[in-house]
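Chains as they are written, first to last, in UniProt numbering: chain A, 1 to 354; chain B, 1 to 354. All residues carry an ideal CB built from backbone N, CA and C; glycine is no exception. Since we're looking at a predicted model, the values are computed, not measured. Here's the structure, in structure tokens; my notes come after.
Protein chains: 2
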Amino acid sequence: MSELRGPVRIVGTGLIGTSIGLALARLGVVVELVDGNPDNALMAERIGAGSRLVEIEPQLVVVAVPPDHVGAVVAEQLEATQAIVTDAASVKSKPLTDARRLTGDVSRYVGSHPMAGSERNGPLAARADLFDGATWAITPHATSAPEAIDLVRRLAEACGARTVELSVEDHDLGVARVSHLPHLMSALAAGTLADAPSSHLELSGQGVRDVTRIAAGDPRLWTQIVSANSTALTGLLEQIRGELDRLLVALGKEEAADELTAILGQGVSGAVRVPGKHGTPHIDLVTVLVTIPDRPGQLARLFADAAESGANVEDLRIDHSPGRPVGEVELAVKPGSVDQLVEVLTDRGWVVHR
Amino acid sequence: MSELRGPVRIVGTGLIGTSIGLALARLGVVVELVDGNPDNALMAERIGAGSRLVEIEPQLVVVAVPPDHVGAVVAEQLEATQAIVTDAASVKSKPLTDARRLTGDVSRYVGSHPMAGSERNGPLAARADLFDGATWAITPHATSAPEAIDLVRRLAEACGARTVELSVEDHDLGVARVSHLPHLMSALAAGTLADAPSSHLELSGQGVRDVTRIAAGDPRLWTQIVSANSTALTGLLEQIRGELDRLLVALGKEEAADELTAILGQGVSGAVRVPGKHGTPHIDLVTVLVTIPDRPGQLARLFADAAESGANVEDLRIDHSPGRPVGEVELAVKPGSVDQLVEVLTDRGWVVHR
Numbered sequence: 001m002s003e004l005r006g007p008v009r010i011v012g013t014g015l016i017g018t019s020i021g022l023a024l025a026r027l028g029v030v031v032e033l034v035d036g037n038p039d040n041a042l043m044a045e046r047i048g049a050g051s052r053l054v055e056i057e058p059q060l061v062v063v064a065v066p067p068d069h070v071g072a073v074v075a076e077q078l079e080a081t082q083a084i085v086t087d088a089a090s091v092k093s094k095p096l097t098d099a100r101r102l103t104g105d106v107s108r109y110v111g112s113h114p115m116a117g118s119e120r121n122g123p124l125a126a127r128a129d130l131f132d133g134a135t136w137a138i139t140p141h142a143t144s145a146p147e148a149i150d151l152v153r154r155l156a157e158a159c160g161a162r163t164v165e166l167s168v169e170d171h172d173l174g175v176a177r178v179s180h181l182p183h184l185m186s187a188l189a190a191g192t193l194a195d196a197p198s199s200h201l202e203l204s205g206q207g208v209r210d211v212t213r214i215a216a217g218d219p220r221l222w223t224q225i226v227s228a229n230s231t232a233l234t235g236l237l238e239q240i241r242g243e244l245d246r247l248l249v250a251l252g253k254e255e256a257a258d259e260l261t262a263i264l265g266q267g268v269s270g271a272v273r274v275p276g277k278h279g280t281p282h283i284d285l286v287t288v289l290v291t292i293p294d295r296p297g298q299l300a301r302l303f304a305d306a307a308e309s310g311a312n313v314e315d316l317r318i319d320h321s322p323g324r325p326v327g328e329v330e331l332a333v334k335p336g337s338v339d340q341l342v343e344v345l346t347d348r349g350w351v352v353h354r
Numbered sequence: 001m002s003e004l005r006g007p008v009r010i011v012g013t014g015l016i017g018t019s020i021g022l023a024l025a026r027l028g029v030v031v032e033l034v035d036g037n038p039d040n041a042l043m044a045e046r047i048g049a050g051s052r053l054v055e056i057e058p059q060l061v062v063v064a065v066p067p068d069h070v071g072a073v074v075a076e077q078l079e080a081t082q083a084i085v086t087d088a089a090s091v092k093s094k095p096l097t098d099a100r101r102l103t104g105d106v107s108r109y110v111g112s113h114p115m116a117g118s119e120r121n122g123p124l125a126a127r128a129d130l131f132d133g134a135t136w137a138i139t140p141h142a143t144s145a146p147e148a149i150d151l152v153r154r155l156a157e158a159c160g161a162r163t164v165e166l167s168v169e170d171h172d173l174g175v176a177r178v179s180h181l182p183h184l185m186s187a188l189a190a191g192t193l194a195d196a197p198s199s200h201l202e203l204s205g206q207g208v209r210d211v212t213r214i215a216a217g218d219p220r221l222w223t224q225i226v227s228a229n230s231t232a233l234t235g236l237l238e239q240i241r242g243e244l245d246r247l248l249v250a251l252g253k254e255e256a257a258d259e260l261t262a263i264l265g266q267g268v269s270g271a272v273r274v275p276g277k278h279g280t281p282h283i284d285l286v287t288v289l290v291t292i293p294d295r296p297g298q299l300a301r302l303f304a305d306a307a308e309s310g311a312n313v314e315d316l317r318i319d320h321s322p323g324r325p326v327g328e329v330e331l332a333v334k335p336g337s338v339d340q341l342v343e344v345l346t347d348r349g350w351v352v353h354r
């Protein structure tokens, strides 16, 4: 088993690269910071993610540059060093193809994808604990050296992540399904609101807020991400187009109601498979609704009361319909603690609905 | 101005009908409960939503039956009584057309749509405060009598709702945009996950959870809802198909990156228009991330500390990536209270990121 001794060279000191630097620095691993933008590297150095000048050859290089440039920088680092090289891009086929085209031997390269991020960008948004408990996909290819795979796994573990090994193709199809396609669907749904009259927007509820939230992401970054995964995405989008055509034919024809119900039923089957907190499906938790006055301190009071019942709140959601003078909080708890929770909250004067 | 004196006859004692009954009963208005399913009416009566037997003629009839039957029941009630008649269906053109076809004079009918609901169904899920502060759309048609419009507005206000007046057509186009289309897009995105390998689902993050949440709704109910609004929805779905085709052409062509960015940019423009809590756009709030150990009592401690800073938490979200031993809570507060909040939380040992 390869040990992660360092130095680790990080190329690209944005959110992900700098966070990896911070995570490794807290373990005492020597980190070298490289960035085309000297301000970024300086900032990353100042917050303790590593040094801009390290004279020892790296054991491992982590390429954390924007998606479009990953393959080229991987090839460059394979040629410039004897180190194991990995990257952190959210799509894995294109960097591999690009690197292979640019350099002969890619056996020291193993792709990886830390599944963590933030709506924030840049080194100042970085955090040593960004990957704590997150999933980190590792995607070896046919000629990846076993010690390279090992070392990249060590990197992920050193950052506190849980590793999942997948082939390059399987990874890209997976993220197309659970990340890129949802993003595009969200963008298309949100796009119809751009020129809508305000009176239509006034009818918005929680559903449209949820569906369109991720559509607010940076369009340039997402153009790079979805472009890099165009093969997997094209197949899924064609599947969506087929379903959309089925919908358009069925809609409004009384005799086609079963067809509509079947399409919507397929949606239910998919929705319930999306893992919730801690990998458990939604349906393992019970939700309780509590009415709450919209004043400072009420949530504190509610959670103090909930804690006294011994229930651990696994998830929660505030319903914030426009103009409501009172809010509603949905608490999700394990089935075993729900009775006690409802009893304690009711005793203390909360209006609770199961 | 017409006063709401009652009796109010409610036809259909599901979640909405029974909740209206409870809201009116708390004001002392006499409510008559009618349901094709005698068990439902009995249950609604038992929880205090009204009586099954009222001998005085109703002043107002509220039709709260499943979408497919609304028009027929409205016509029936117009003929059987001299009362003003309204309904609570989420689509307004079809009931009006149906009622007009079945009876001559619809001047005593004014459609309405209380924008509140729940994932729960049936009389036992009903609550007197379901409509407190919610939006209640009122949709007069060309021949609606002014006193009918007035009385329906009184009904909504008596239930604690905020009224918005829209034409029938405008309402249906609005809900197609902010409710029905998002539901269908969510269902289509979720549908691609129904047969996906589990390893793909393991890569899920918060984005796909948000986008697919509403797809879990009852397929039979949603078939009725979207079928009743097929005209407005067909136009929007055709627009989506056009954008989907643009996407499919642009995807993976380097020279079409600007086209992709434009489609995604349109999504951003739409997403930021969706009103958040209290009708304010998302961008008026500042979010702060707090790392929180996954143990009972931690949320209580956090909110107690937040309350002491004087900040009112306007919205919050727990990030629950599968397998994370620590969670992350995103608190949204007004810009003016963020500095004080961060200072107080940091002082008390919380790991806070802006």
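At 9 Å on the CB atoms, spell out the chain B contacts of residue i, in chain order.
{"i": "leucine 285 of chain A", "result": "The contacting residues do not exist; leucine 285 of chain A stays about 10 Å from chain B at best."}
{"i": "alanine 230 of chain A", "result": "The question names alanine, but residue 230 of chain A is serine in the sequence shown. By Cβ distance, chain B contributes Leu251, Gly252, Lys253."}
{"i": "arginine 101 of chain A", "result": "Those within 9 Å of arginine 101 of chain A in chain B number zero; the least Cβ separation is about 15 Å."}
{"i": "threonine 6 of chain A", "result": "According to the sequence displayed, residue 6 of chain A carries glycine and not threonine. None at all; the shortest Cβ gap to chain B is about 25 Å."}
{"i": "residue 405 of chain A", "result": "Since the displayed chain A opens at 1 and closes at 354, residue 405 of chain A lies outside it and no answer follows."}
Applying a beta-carbon distance threshold of less than 7 Å, which residues of chain A neighbour residue i?
{"i": "glutamate 243 of chain B", "result": "Leu188, Gly191"}
{"i": "glutamine 266 of chain B", "result": "Gly191, Ala194"}
{"i": "serine 269 of chain B", "result": "Ala194"}
{"i": "threonine 97 of chain B", "result": "Per Cβ cutoff of 7 Å: no residues; threonine 97 of chain B is ~13 Å from chain A at best."}
{"i": "threonine 139 of chain B", "result": "Chain A residues near threonine 139 of chain B: none, gap ~11 Å exceeds 7 Å."}
{"i": "valine 338 of chain B", "result": "Chain A residues near valine 338 of chain B: none, gap ~14 Å exceeds 7 Å."}
Below 7 Å on C-beta distance, what does residue i contact in chain B?
{"i": "glutamine 239 of chain A", "result": "Thr192"}
{"i": "glycine 207 of chain A", "result": "Ser179, Pro182, His183, Ile214"}
{"i": "alanine 304 of chain A", "result": "Ala300, Ala304"}
{"i": "arginine 220 of chain A", "result": "Thr261"}
{"i": "glycine 174 of chain A", "result": "Ser199, His200, Leu203"}
Whose Cβ in chain A lies nearer than 8 Å to the Cβ of residue i?
{"i": "valine 164 of chain B", "result": "Ser199, Glu202, Leu203"}
{"i": "aspartate 105 of chain B", "result": "Neighbours of aspartate 105 of chain B on chain A: none; closest Cβ ~27 Å, over 8 Å."}
{"i": "arginine 273 of chain B", "result": "Leu193, Ala194, Ala196, Leu201"}
Assuming residue i is part of the alpha helix (DSSP H), what are its boundary residues?
{"i": "isoleucine 20 of chain B", "result": "15 to 25"}
{"i": "arginine 46 of chain B", "result": "38 to 46"}
{"i": "threonine 346 of chain B", "result": "338 to 347"}
If you follow the beta strand (DSSP E) that residue i is in, where does it begin and where does it stop?
{"i": "glutamate 79 of chain B", "result": "Segment 70 to 80 is the alpha helix (DSSP H) holding glutamate 79 of chain B; no beta strand (DSSP E) there."}
{"i": "threonine 135 of chain B", "result": "135 to 139"}
{"i": "isoleucine 56 of chain A", "result": "Careful: isoleucine 56 of chain A lies outside any beta strand (DSSP E) and carries neither H nor E."}
{"i": "valine 8 of chain A", "result": "8 to 11"}
{"i": "leucine 4 of chain A", "result": "Counting along the chain, leucine 4 of chain A falls outside any beta strand (DSSP E), and DSSP gives it neither H nor E."}
{"i": "leucine 130 of chain A", "result": "Unbroken run through leucine 130 of chain A: none, as it is neither H nor E."}
{"i": "valine 29 of chain A", "result": "Premise fails: valine 29 of chain A is in no beta strand (DSSP E) and is neither H nor E."}
{"i": "valine 352 of chain B", "result": "351 to 353"}
Could you name the residues of chain A that residue i contacts, counting a contact when the two beta carbons are closer than 9 Å?
{"i": "alanine 49 of chain B", "result": "Within 9 Å Cβ-Cβ: nothing; alanine 49 of chain B doesn't reach chain A, min ~15 Å."}
{"i": "aspartate 150 of chain B", "result": "Per Cβ cutoff of 9 Å: no residues; aspartate 150 of chain B is ~21 Å from chain A at best."}
Check the Cβ of residue i against every Cβ in chain B and list those closer than 8 Å, keeping chain order.
{"i": "serine 227 of chain A", "result": "Leu251, Gly252, Glu254, Ala257, Leu260"}
{"i": "aspartate 170 of chain A", "result": "Pro197, Ser199, His200"}
{"i": "threonine 223 of chain A", "result": "Ala257, Leu260, Thr261, Leu264"}
{"i": "glycine 111 of chain A", "result": "In chain order: nothing, as chain B lies at least about 14 Å away."}
Please tell me whether, using a cut-off of 7 Å, the distance from the CB of residue i to the nearest non-hydrogen atom of the ligand COA is below it.
{"i": "threonine 13 of chain A", "result": "The model on display carries no ligand, and the ligand COA is accordingly not part of it."}
Which runs of the beta strand (DSSP E), 3 residues or longer, sit entirely within the stretch 239 to 321 of chain B? 286 to 293, 315 to 319
So, does the stretch 124 to 131 of chain B touch the stretch 40 to 51 of chain B, judging by three or more C-beta pairs under 8 Å? yes
Below 8 Å, can you find three or more Cβ-Cβ pairs linking the stretch 106 to 116 of chain B to the stretch 133 to 147 of chain B? yes
Those runs of the beta strand (DSSP E) which lie wholly inside the stretch 81 to 128 of chain A and span at least 3 residues: 84 to 87, 111 to 114
For the stretch 21 to 41 of chain B against the stretch 50 to 63 of chain B, do three or more pairs of beta-carbon atoms, one drawn from each stretch, fall closer than 8 Å, so that the two count as touching? yes
As an exercise, report each continuous beta strand (DSSP E) stretch of at least 3 residues that is fully enclosed by the stretch 155 to 224 of chain A, in chain order. 162 to 165
For the 8 Å Cβ check, are there 3 or more pairs between the stretch 251 to 269 of chain A and the stretch 215 to 222 of chain B? yes
Okay, do the stretch 153 to 160 of chain B and the stretch 175 to 182 of chain B touch, 3+ Cβ pairs below 8 Å being the bar? no
Any contact of the stretch 336 to 350 of chain A with the stretch 302 to 314 of chain A, i.e. 3+ C-beta pairs under 8 Å? Yes, they touch.
Given 8 Å, three or more beta-carbon pairs between the stretch 227 to 244 of chain B and the stretch 236 to 247 of chain A: yes
If you pair each beta-carbon of the stretch 69 to 88 of chain B with each one of the stretch 164 to 174 of chain B, do three or more pairs fall below 8 Å? no
Along the stretch 20 to 47 of chain A, where does the CB come closer than 9 Å to a CB of chain B? Name the residues. Within the stretch 20 to 47 of chain A, no residue qualifies.
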